[in-house]
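Chemist: Going letter by letter, the sequence shown gives residues 8 to 58 in this note's numbering.
All residues carry an ideal CB built from backbone N, CA and C; glycine is no exception.
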Amino acid sequence: MPDDVSCVIVHGYDEIHGYGGRAMLVALQSGETRVADQGSFACSFGERDCP
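1. Report the option in Ile23, Pro58, Phe52, Gly25 whose CA atom is closest to the CA atom of Ser37.
2. DSSP three-state call for Asp21: helix, strand or coil?
3. Can you tell me which of Ser47, Val12, Glu54 puts its alpha carbon nearest to the alpha carbon of Ile23?
4. As a quick exercise: from Met8, Asp11, Val17, pick the residue whose alpha carbon is nearest that of Thr40.
5. Quick check on Asp56: does DSSP put it in helix, strand or coil?
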């Protein structure tokens, strides 16, 4: 992972049902997390969405 990455986003995906449920946003330095509903399509998150 590049050194300048400060936040990662983990999307839930099921091969049968597709996207859905929640995504987890994680601030790498602090370990702080934020849960976001992602709906049935892959959501787009921006820098402001990270904890």
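Modeler: Taking the structure as given:
1. As a working mapping, residue 37 is identified with position 30 in the sequence shown. Checking every option, the nearest Cα to that of Ser37 belongs to Pro58.
2. Here residue 21 corresponds to residue number 14 of the sequence shown, with the count starting at 1. Strand.
3. By one-based count along the sequence shown, residue 23 stands at place 16. Answer by Cα proximity: Ser47.
4. Walking along the sequence shown from the start, residue 40 turns up at place 33. Of Met8, Asp11, Val17, the residue nearest in Cα terms is Val17.
5. Working through the sequence shown from its first residue, we reach residue 56 at position 49. Three-state DSSP puts Asp56 in a helix.
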